[in-house]
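For the record, the sequence lines run as chains H and Z. Each residue of the first sequence is one higher than the one before, starting from -4 at the first, in the numbering used here. Each residue of the second sequence is one higher than the one before, starting from 43 at the first, in the numbering used here. Just so you know, even glycine gets a beta-carbon here, dropped at the ideal spot from N, CA and C. Nothing here was measured: the structure is a model prediction, and the numbers come from that model. Here the structure is laid out as structure tokens; the discussion comes afterwards.
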Amino acid sequence: MSPTAYLYLAAILFSIGSVGVLVRRNAIVVFMCVELMLNSVNLTLVTFSRINGTLDGQIYAFFVMVVAAAEVVVGLAILMTVYRTRRSASVDDANLLKY
Amino acid sequence: MVTTSPLLWLLVGLPLLGSAILLLAGRRADAWGHWLGTGAAAASFVLGVAQVMSLASKPADSRTFIDNVYNLVSVGSLHVDVAFRLDQLSAVFVLLITGVGSLIHVYSIGYMAHDPGRRRFFGYLNLFVAAMLVLVLADNYVLLYVGWEGVGLASYLLIGYWYHKPTAATAAKKAFIMNRVGDVGLALAIFLMFQQFGKVDFTGVFSAVGVPGASNVAHGVVTALGLLLLLGACGKSAQLPLQAWLADAMEGPTPVSALIHAATMVTAGVYLVARSNPIFNLSEGARMVVAIVGAATLLYGAIIGTAYDDIKKVLASSTMSQIGYMMLGVGLGPVGYAFGIIHLLAHGFFKAGLFLGAGSVMHAMNDDVDMRRYGALRKVMPWTFGTFALGYLALIGVPPFSGFFTKDKIIEAAFVKGGTSGVIFGVIALFGVVLTAFYMTRLMLMTFFGEKRWADGVHPHEAPTVMVWPKVVLAFGSVAGGFLLIHVIHVQTWLEPVLGTPAEGKPVLSTIVLTVIGLLAIAGGAGAAYMLFGRRAIPVTAPAAGVLVGATRQQLYADSFNEGVFMRPGQYLTRALVYADNRGIDGGVNGIAAFFGGTSGRLRRLQTGFVRSYALSVFAGAVVITAALLLVRVA
Chain H
-4 MSPTAYLYLA AILFSIGSVG VLVRRNAIVV FMCVELMLNS VNLTLVTFSR
46 INGTLDGQIY AFFVMVVAAA EVVVGLAILM TVYRTRRSAS VDDANLLKY
Chain Z
43 MVTTSPLLWL LVGLPLLGSA ILLLAGRRAD AWGHWLGTGA AAASFVLGVA
93 QVMSLASKPA DSRTFIDNVY NLVSVGSLHV DVAFRLDQLS AVFVLLITGV
143 GSLIHVYSIG YMAHDPGRRR FFGYLNLFVA AMLVLVLADN YVLLYVGWEG
193 VGLASYLLIG YWYHKPTAAT AAKKAFIMNR VGDVGLALAI FLMFQQFGKV
243 DFTGVFSAVG VPGASNVAHG VVTALGLLLL LGACGKSAQL PLQAWLADAM
293 EGPTPVSALI HAATMVTAGV YLVARSNPIF NLSEGARMVV AIVGAATLLY
343 GAIIGTAYDD IKKVLASSTM SQIGYMMLGV GLGPVGYAFG IIHLLAHGFF
393 KAGLFLGAGS VMHAMNDDVD MRRYGALRKV MPWTFGTFAL GYLALIGVPP
443 FSGFFTKDKI IEAAFVKGGT SGVIFGVIAL FGVVLTAFYM TRLMLMTFFG
493 EKRWADGVHP HEAPTVMVWP KVVLAFGSVA GGFLLIHVIH VQTWLEPVLG
543 TPAEGKPVLS TIVLTVIGLL AIAGGAGAAY MLFGRRAIPV TAPAAGVLVG
593 ATRQQLYADS FNEGVFMRPG QYLTRALVYA DNRGIDGGVN GIAAFFGGTS
643 GRLRRLQTGF VRSYALSVFA GAVVITAALL LVRVA
């Protein structure tokens, strides 16, 4: 099986993720879409690692996972606070930081 | 030969200290302030006499005392010292300033007795004496300028002494501003000296300009220096065209008019020209302009003096006219320098006496200055009348009073100079004598003779003793001053080392003929005044006037001229500039600020606060960058 197929899959996943970030309002879904984008990138890294026969890409993928885990911790904490004050998880309701 | 005299600075220091104490001590000094002020002036006089005595005991060629107090500026080749110089010329001024000044301090004790600000008044008077002494004792033009500005300041403070009166405040400003015009001339002269010679001290400048026939300075430079110095002199001495402030300066208390605006400060211009005689000796043109200014002012002052009803303003225009005589004298060159100065000294005495007399009269008449409200005062105020009459005789030049000797010499000097200009100046000076006799006789008749025209509730009385005896002392000066100065002390010989020896010359007409003509001129002027004012009753309100009298009452439209030519256009100019500043410059600056403010107000609307729109921008940016990279790759 050609490794190129993984790249197509990663591109599709990234597109789904980015569209989700742009169009969905529920903060949790937005979060999940961000995770999807991160993981599609991981998939790309691993694929290229395989194609090139080196381990660099796989190691990068581990780093990305660690950062993503940390980001989820912080992000969910913010989300909880926003929900407590506004009784809503919609990203459009947290719009005070503007002109 | 120059002698160092370590005490010279005290002459200035004593009144300066007095002034500092009086002005800084506040109300605590109210009780004894006037005694301190008078004491400081008198101590300065005693010290001045001692210094001049020791100066006179030296041989004629080494009569110069120098006191170098400290070095003010020392940059490259320029050295400016705070150095005082007492020589023959400054000596006579020191005696005049401190002598007449002390007498007027004494008089002021009585005159200002009921004024709550008497201590402040004496503080200013002492400040004036100190500044005037700096002016005449300075050894260089920069220090002279310090004194020059100092007397200007003191004059401003004293004219505006009753600052709650709008007229006094305005008069003070007018005097200060007109003086400023002249001061610019003096400042420019000093700049020019520095630029040309690199020196500003008297000895340095005079040796740099050289003597006639052996001068290596361009003629134009010397003439420019002379004219700039003359501009300074015109401002301080109220000469045409900067004369208009002197009559208004009479808003100050009368002792101020006597000391500053008659006897001392206004003669500073004559001093400046006489002191700078090596410069004027080199420029026939500059000297001619000085003489023309003097002759024009002596006529102008005498003419406007005939129309005032205000006793002090008559005396003020008389001062203007007499300083015109002095200017004419010093403008005639070496034949006239000494006589200009001698007339200045004699005038200092009799004019101060006349002003003090006028002050006593005003005091008696409840501060009314209108002579039409006076009349018949000779019986009620015998001492004032007596001293005033002696001053009057001295001023119009009746022999053997002092003005006769000194004014006669100036007229004679004009004829000695000869040529068309000399004769013209002589005739103008003689005509001035007619007018002087006319306006002074008018003043005497309106004030002391005729019917009582007093306002209701006015009860004239003789002035207190403290105000009488300074006038008596000054009256002695009026009687004997001229004769003593010229024929006993020989001031003209005393001044020769400073002012140069005049070439021997005979007047175009013989001296006797000139004297007779002069006496006829006095008789004519006084007689005309007697016909007009002595034999007829004087109306209490001024009668309607024809064209000539009307013009004279308006000071020949001098104020209107200044207002029309300088003040109004100046106002229009400032208004135009304010408009240009508000609309043009401020408009430009504010416009730029408003443009950026408005634009950024619109641009910040992009910050919506919706996180998804920010995400879209990030994506769009990423897409653009990726596309650009791909394009570069492909190309």
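Between residue 171 of chain Z and residue 209 of chain Z, the gap from beta carbon to beta carbon reaches 8 Å or more. Residue 81 of chain Z and residue 148 of chain Z have their C-alpha atoms roughly 9 Å apart.
Close to residue 16 of chain H, with beta-carbon spacing below 7 Å, are these residues of chain Z in chain order: 657. Ranked by how close their Cα comes to the Cα of residue 324 of chain Z, the residues Z/255, Z/659, Z/313 and Z/55 have Z/255 in first place. When the Cα atoms are used, residue 487 of chain Z and residue 417 of chain Z turn out to be separated by approximately 7 Å.
The Cβ atoms of residue 166 of chain Z and residue 203 of chain Z lie closer than 8 Å to each other. Neighbourhood of residue 652 of chain Z in chain H, by CB distance below 7 Å: 87 and 90, in chain order. Within the stretch 626 to 651 of chain Z, the residues whose Cβ lies closer than 7 Å to some Cβ of chain H are 646, 647, 649, 650 and 651, listed in chain order. Residue contact with chain H for residue 218 of chain Z: absent (no Cβ-Cβ distance below 8 Å to any residue of chain H). For residue 661 of chain Z, the nearest CB of chain H lies under 8 Å from its own CB, placing it at the interface with that chain. In the DSSP assignment, residue 163 of chain Z falls outside any beta strand (DSSP E) and within the unbroken alpha helix (DSSP H) covering 160 to 179.
For the pair of segments examined, the stretch 545 to 564 of chain Z was found to touch the stretch 442 to 454 of chain Z: the number of CB pairs separated by less than 8 Å reaches three. Fewer than three pairs of CB atoms, one per stretch, sit closer than 8 Å, so the stretch 194 to 202 of chain Z makes no contact with the stretch 146 to 160 of chain Z. Not one beta carbon of chain Z lies nearer than 8 Å to the beta carbon of residue 35 of chain H. Taken through DSSP and simplified to helix, strand or coil, residue 317 of chain Z comes out as helix. Taking every protein chain shown into account, the CB of residue 120 of chain Z has fewer than 16 other CB atoms within 10 angstroms, so this residue is exposed. Under the three-state reduction of DSSP output, residue 495 of chain Z falls in the coil class, being neither helix nor strand. Across the structure, residue 446 of chain Z and residue 381 of chain Z are spaced so that their CA atoms are roughly 12 Å apart. If only complete runs of 4 or more residues are kept, the stretch 431 to 475 of chain Z shows the alpha helix (DSSP H) at 444 to 459, in order along the chain. Contact of residue 78 of chain H with chain Z by beta-carbon distance below 9 Å is absent, the smallest such distance being about 15 Å. The beta carbon of residue 54 of chain Z is closer than 6 Å to those of 172, 175 and 176 in its chain, skipping five residues each way along the sequence. Residue 99 of chain Z is classed as exposed because its beta carbon has fewer than 16 other beta carbons within 10 Å across all chains shown.
Annotation note: the stretch 57 to 142 of chain Z contains the following uninterrupted beta strand (DSSP E) runs of length 3 or greater, listed N- to C-terminal: 107 to 117 and 120 to 128.
Put simply, the CB of residue 13 of chain H is near chain Z, with a gap under 8 Å to one of its CB atoms. Residue 3 of chain H has a beta carbon lying at 8 Å or more from every beta carbon in chain Z.
Proximity of the stretch 527 to 545 of chain Z to the stretch 366 to 384 of chain Z meets the contact definition, three or more beta-carbon pairs being nearer than 8 Å. DSSP lists no bridge partner for residue 51 of chain H.
Linking residue 271 of chain Z to residue 265 of chain Z through their CA atoms gives a straight-line distance of about 10 Å. Remark: C-beta atoms of residue 419 of chain Z and residue 427 of chain Z approach each other more closely than 8 Å.
Remark: C-beta atoms of residue 5 of chain H and residue 38 of chain H approach each other more closely than 8 Å.
For residue 55 of chain H, there are no C-beta contacts with chain Z under 7 Å, since the nearest C-beta of that chain is about 19 Å from it. For the pair residue 401 of chain Z and residue 408 of chain Z, the Cα-to-Cα distance works out to about 11 Å.
Between residue 274 of chain Z and residue 328 of chain Z, the gap from beta carbon to beta carbon reaches 8 Å or more. Here the alpha carbons of residue 178 of chain Z and residue 71 of chain Z stand approximately 30 Å from one another.
The DSSP assignment places 379 to 406 as complete runs of the alpha helix (DSSP H) inside the stretch 368 to 419 of chain Z, in order along the chain (cut-off: 4 residues).
Shown here, residue 659 of chain Z sits in a helix according to DSSP, grouped into three states.
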